[in-house]
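S.K.: Note that this note's numbering has the sequence shown beginning at 608, numbered continuously upward.
Positions of the beta carbon are idealized from the N, C-alpha and C atoms, including for glycine.
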Amino acid sequence: MKELLKQENFEVAPEELRTWQGRKEWFFNRDDTDHYEQYYEGPYKEQEVWQKKTLEGLIKQDSRVKTLLEFGCGTTRFTRWWHEIGLEATGGDISPFMLAQGVQLFDGDLVLADSHHMPFKDHSFDALAFVTTFEYYKNPIEVIREAVRVGKYGIIFGMMNRNTPKLIRRRVQQVFGKNNYYVTANFYTPASLKELIAQALPDRKYSIEWNATGLPKWFPKQQWKVPYGDFFALHVKLLDV
């Protein structure tokens, strides 16, 4: 029995679980995931308030949306909030470390799965949500198509904006290993995301609305329809259903 219990270099998450899409990701590293909620409760708190206002202003324009699946929900930071604004939300994520926290914080349904292959029937939800997670997909077109299969009326994106002065700081932090969150991220702009959606949905009819936030505290506006700021929200409203 003692021999059976011996394992050299034992890890809670073996190497194969730390790799996704052929690369290591921060959301399989407990040094990063264990501090995720603290990150939002710290200096990021004010930005989160405006991110939520921006997302709500867009999703509430479609009265058809009552149920929502958030993929890449992580610790359910935003999944909990969807409920607060009256939407019945379910969360999905591929990271067991993030979901392990989520089940302690969220009194709702969660699923451990890959967003490229969502384990749901067609039109299981009224909408799909991606909040600061879409940036990590190597096959984003595939994910968009899967999202509109599962989400009947469209998609709401919350994105880290490429058009921000903080982009340089993000990349410097990445080079010096000070911030693992951005190592594999691909930052978008409203224009580049719209181009990607057009490629993914060439035969669908839809409308797009977006808004940006994440501006300096001293700026006279904290939300504007100009493609600059740390964060933008974009809503794809499907019209052919």
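Would DSSP call Ile-762 helix, strand or coil?
M.R.: Start at 1 with the first residue of the sequence shown, and residue 762 comes out as number 155. Strand at Ile-762.
S.K.: On the three-state DSSP scale, how would you describe Ser-670?
M.R.: Walking along the sequence shown from the start, residue 670 turns up at place 63. Residue state, collapsed to three classes: coil.
S.K.: Quick check on Met-725: does DSSP put it in helix, strand or coil?
M.R.: To locate residue 725, count along the sequence shown from 1; it is residue 118. Correct three-state label for Met-725: coil.
S.K.: Check whether the stretch 664-677 and the stretch 687-696 touch, using three or more Cβ-Cβ pairs below 8 Å as the test.
M.R.: yes
S.K.: Tell me which residues share the same chain as Val-718 and place their Cβ nearer than 6 Å to its Cβ, disregarding the 5 neighbours each side in the sequence.
M.R.: Start at 1 with the first residue of the sequence shown, and residue 718 comes out as number 111. Hits under 6 Å: Gly-699.
S.K.: Could you please give the first and the last residue of the uninterrupted alpha helix (DSSP H) stretch that includes Val-757?
M.R.: As a first step, residue 757 is located in the sequence shown; it is residue number 150 there, counting from the start. Residues 747-757.
S.K.: Is the beta carbon of Arg-756 less than 7 Å from the beta carbon of Tyr-795?
M.R.: Looking up residue 756 in the sequence shown gives position 149. Looking up residue 795 in the sequence shown gives position 188. Not in contact: Arg-756 and Tyr-795 (Cβ atoms no closer than 7 Å).
S.K.: When the distance is taken between beta carbons, is Asp-837 closer than 7 Å to Thr-791?
M.R.: Indexing the sequence shown from 1 puts residue 791 at position 184. Indexing the sequence shown from 1 puts residue 837 at position 230. No, the pair does not count as a contact, with Cβ atoms beyond the cut-off.
S.K.: For Lys-844, I'd like the list of residues in its chain whose CB is within less than 8 Å of its CB, leaving aside the five on either flank, ordered along the chain.
M.R.: Taking the first residue of the sequence shown as position 1, residue 844 is located at position 237. Here the set comprises Gln-668, Asp-669, Tyr-760, Gly-761, Tyr-813, Ser-814, Ile-815 and Glu-816.
S.K.: Just the Cα atoms here: how many angstroms apart are Ala-620 and Leu-706?
M.R.: Translated into the one-based positions of the sequence shown, residue 620 becomes position 13. Translated into the one-based positions of the sequence shown, residue 706 becomes position 99. With a pLDDT of 46 at Ala-620, under the threshold of 50, the modelled position of that residue is not reliable, and no figure is offered here.
S.K.: What number of angstroms, rounded off, separates the C-alpha of Ile-804 from the C-alpha of Phe-713?
M.R.: Position 197 of the sequence shown, counted from the start, is the residue given in the question as residue 804. Position 106 of the sequence shown, counted from the start, is the residue given in the question as residue 713. Rounded to whole angstroms, Ile-804 to Phe-713 spans 31 Å at the Cα level.
S.K.: Mapping DSSP to helix, strand and coil, what is His-842?
M.R.: Within the sequence shown, the letter at position 235 stands for residue 842. Strand at His-842.
S.K.: Rounded to whole angstroms, what's the CA-CA distance from Asp-810 to Thr-739? Just pull it up for me.
M.R.: Counting from 1 along the sequence shown, the entry for residue 810 is found at position 203. Counting from 1 along the sequence shown, the entry for residue 739 is found at position 132. Inter-residue distance for Asp-810 and Thr-739 is about 27 Å (C-alpha atoms, whole angstroms).
S.K.: On the three-state DSSP scale, how would you describe Phe-678?
M.R.: Looking up residue 678 in the sequence shown gives position 71. Note: Phe-678 maps to strand in three-state DSSP.
S.K.: So Ala-798 and Leu-665 are supposed to be a Cβ contact under 8 Å. How far apart are they, rounded?
M.R.: Taking the first residue of the sequence shown as 1, we reach residue 798 at position 191. Taking the first residue of the sequence shown as 1, we reach residue 665 at position 58. Not quite, the Cβ-Cβ distance comes to about 17 Å (not below 8 Å), so this is no contact.
S.K.: Using the Cα positions of Trp-825 and Phe-727, report the straight-line distance between them to the nearest angstrom.
M.R.: Sequence index remark: in the sequence shown, residue 825 carries index 218 (1-based). Sequence index remark: in the sequence shown, residue 727 carries index 120 (1-based). The alpha-carbon atoms of Trp-825 and Phe-727 are separated by roughly 45 Å.
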